Amino acid sequence: MSIARRVAENPLLVLGLGAGASRIEIEREAQKLLGMIELGFAEALTYQTPLGPRARTAELVRASVAALRDPAQRLAAELWLTDGVTAASAPKIEAPRETWADARAILDWGPRPEARGPRPE
Numbered sequence: 000m001s002i003a004r005r006v007a008e009n010p011l012l013v014l015g016l017g018a019g020a021s022r023i024e025i026e027r028e029a030q031k032l033l034g035m036i037e038l039g040f041a042e043a044l045t046y047q048t049p050l051g052p053r054a055r056t057a058e059l060v061r062a063s064v065a066a067l068r069d070p071a072q073r074l075a076a077e078l079w080l081t082d083g084v085t086a087a088s089a090p091k092i093e094a095p096r097e098t099w100a101d102a103r104a105i106l107d108w109g110p111r112p113e114a115r116g117p118r119p120e
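As structure tokens, this is what we get:
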């Protein structure tokens with residue numbers, strides 16, 4: 000499955016729910032959407048994604064609920080959910096200060112590298 004499809008067909012986006020939605024909330028929202036789709040309500044026929052609006056069908060709602068019932072697929076859906084995070088707003092990750100050379104000292108397995116002096120060549 001392509002990345003664009005994973006994002007656009009994320010079960011949580013299809014149902015319009017956040018990553019913290021409970022199982023009961025998922026089931027209720029799916030039943031509500033299925034009823035609205037059956038009655039032809041315009042607001043139920045599309046859903047928003049980071050890639051723009053997409054068509055919501057009864058089959059897509061049913062597939063989304065089925066996917067969220069499986070713990071592995073639910074986790075994948077939660078991980079792929081972007082919640083509006085863009086590259087510009089993503090937090091900056093700083094490199095750790097310690098290096099692998101410091102690992103022995105951090106674990107108290109020996110002196111810190113700067114205490115050893117220069118390396119022999």
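Everything in the sequence shown is counted per numbering that gives the first Met the number 0, starting at 0 for the first residue and increasing by one. No residue lacks a Cβ here, since even glycine has one placed at the ideal position from N, Cα and C. Because the structure is a prediction, the values reported are computed rather than measured.
Check: For Ala54: DSSP bridge partner residues; Outcome: Thr45
Check: Exposure label - Ser21; buried when at least 16 CB within 10 Å; Outcome: exposed
Check: Residues of its chain near Ala3, where Cβ-Cβ distance is below 7 angstroms and the 5 sequence neighbours each way are ignored; Outcome: Leu50
Check: Given 8 angstroms, three or more beta-carbon pairs between the stretch 59 to 67 and the stretch 8 to 19; Outcome: yes
Check: Nearest-angstrom Cα separation, counted from Met35 out to Pro10; Outcome: 18 angstroms
Check: Three-state class that DSSP yields for Glu8 in the structure shown; Outcome: coil
Check: 8 angstroms Cβ shell around Arg55 - same chain, five flanking residues per side excluded; Outcome: Val13, Leu32, Ile36, Ala43, Leu44, Thr45 and Tyr46
Check: Sub-7 angstroms separation of Ala29 and Val60 beta-carbons; Outcome: yes
Check: Rounded straight-line distance, which links the Cα of Asp107 to that of Arg68; Outcome: 46 angstroms
Check: Coil, strand or helix - Ser21 by DSSP; Outcome: coil
Check: Simplified DSSP assignment, three categories, for Leu67; Outcome: helix
Check: Cβ neighbours of Glu24 in the same chain (closer than 7 angstroms, five flanking residues each side left out); Outcome: Leu16
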